[in-house]
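Note sheet for the following structure.
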Amino acid sequence: MKDLSAMLKTGEGRAFGVNERLPWEAVADESEAAPIVRSEDLTRSYRVGRGQVEALRGVSLEIPSSVFAVIKGRSGSGKTTLLNLIGGLDHPTSGEVTVCGQRLSGLSDRQLTELRRHRIGFVFQSFALLPTFSAYENVELILRIAEMWRGRRQRAMRSLEMVGLGPWAHHRPWELSGGQQQRVAIARALATRPSLILADEPTGELDSVTGRQIMALFRHIVLQEGITVVMATHDPVVEEYAHVVYELGDGQVQAVRRLGGV
Ligand code: ADP
Ligand code: MG
């Protein structure tokens with residue numbers, strides 16, 4: 013079993029072949045070149061008392077496939093709102109989101125659930141691990157929920173190995189550091205072999221060195237697995253790792269910066 017630093021050095025540790033296609037990946041209208049996420053004039057307003065908060069005011073963006081993309085902006089700029097709309101956890105007030113070639117407004121609740129379970133992985137600031145479950149059980153549970161029975165054990169272990177936590181598989185969250193807990197959450201997001209991982213301030217509760225390790229891990233996953241990672245953060249350090257940064261301010265995209273040759 014190799015640890016993460018060895019994986020990063022040698023480029024080994026690929027858990028799933030990039031070309032390995034699973035049944036739900038055979039989506040007819042998805043071409044390799046198409047952006048994996050597209051939003052068109054997206055707005056989301058919340059009713060607050062008698063007033064209204066405009067969290068997003070017309071967000072149009074395209075996120076290419078297989079990149080480490082960052083939604084950057086200060087607190088209240090609309091990052092979480094935007095990630096929730098991309099992940100189909102919330103519905104826009106107006107506008108349209110297309111993910112993996114599918115217009116979310118055209119999907120039934122069941123289809124939306126399928127898309128979320130099989131093609132999107134979620135990572136949160138608070139890790140959201142079950143405290144009485146081991147690292148392995150936390151990862152394996154997501155495969156049960158997705159009804160992915162075949163090779164479940166192996167998949168869960170491979171995902172933990174990918175984030176450098178093979179030796180920690182049978183430890184519970186309280187036996188792990190914050191950075192390790194977040195890596196378990198990333199392994200959990202990887203386990204279903206999604207096309208897209210959405211991470212909302214995943215380094216928000218970590219010290220800066222550990223935060224950098226998480227960003228390096230995301231970049232590694234993108235390069236090795238061809239998965240797209242979309243991470244919301246206000247941390248300027250992220251520019252050293254990201255391929256593309258969407259600067260969000262006042263519910264709008266203020267700037268798009270392409271880094272690292274995208
Ligand atoms: P960020 O994640 O960048 O901090 P959010 O998307 O959480 O920003 O919030 C954007 C704006 O929308 C903020 O002004 C926030 O107060 C408001 N907002 C977010 N969620 C709700 C909600 N459920 N009800 C009312 N207002 C909300
Ligand atoms: Mg937020």
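Using the numbering used here, the first residue of the sequence shown is number 13, and each one after it goes up by one. Positions of the beta carbon are idealized from the N, C-alpha and C atoms, including for glycine.
{"Query": "F139 - containing alpha helix (DSSP H), residue span", "Result": "Element bounds for F139: n/a, residue is neither H nor E."}
{"Query": "Segments of 4+ residues assigned as alpha helix (DSSP H) that fall wholly inside the segment 73–149", "Result": "91–98, 121–131"}
{"Query": "Pair within 8 Å by beta-carbon distance, P206 and G133", "Result": "yes"}
{"Query": "Chain C contact for K91 (CB, 8 Å cutoff)", "Result": "Absent from the structure is chain C; it holds one protein chain and no more."}
{"Query": "Inter-residue CB distance, L210 and V256 (contact presumed, cutoff 8 Å)", "Result": "With a Cβ gap of about 15 Å, L210 and V256 do not count as contacting."}
{"Query": "G118 versus H103: straight-line alpha-carbon distance, rounded", "Result": "12 Å"}
{"Query": "Boundaries (first-last residue) of the alpha helix (DSSP H) holding G5", "Result": "The chain is shown only over 13 to 274; residue 5 falls outside these bounds and no answer can be derived."}
{"Query": "Neighbouring residues (CB closer than 6 Å to any heavy atom of the ligand ADP)", "Result": "Y58, V60, V65, A67, G85, S87, G88, S89, G90, K91, T92, T93"}
{"Query": "Buried versus exposed, by CB contacts within 10 Å (16 or more), P185", "Result": "buried"}
{"Query": "E252: first and last residue of the uninterrupted alpha helix (DSSP H) it sits in", "Result": "No alpha helix (DSSP H) holds E252; DSSP gives it neither H nor E."}
{"Query": "I209 - containing beta strand (DSSP E), residue span", "Result": "208–212"}
{"Query": "Touching by the beta-carbon criterion (3+ pairs, under 8 Å), the segment 245–254 and the segment 82–101", "Result": "yes"}
{"Query": "Contact belief for A197 with V135 at Cβ below 8 Å, rounded distance in angstroms", "Result": "5 Å"}
{"Query": "Whether R59 touches T105 by CB criterion (8 Å)", "Result": "no"}
{"Query": "Short Cβ contact (8 Å threshold) for A147 with W180", "Result": "yes"}
{"Query": "Best match in L73, S72, S78 for proximity to R231 [C-alpha to C-alpha]", "Result": "S78"}
{"Query": "Helix, strand or coil at S220 [DSSP, three-state]", "Result": "helix"}
{"Query": "Secondary structure of R162, DSSP reduced to three states", "Result": "coil"}
{"Query": "The segment 83–98 touching the segment 253–271, judged by at least three CB pairs closer than 8 Å", "Result": "yes"}
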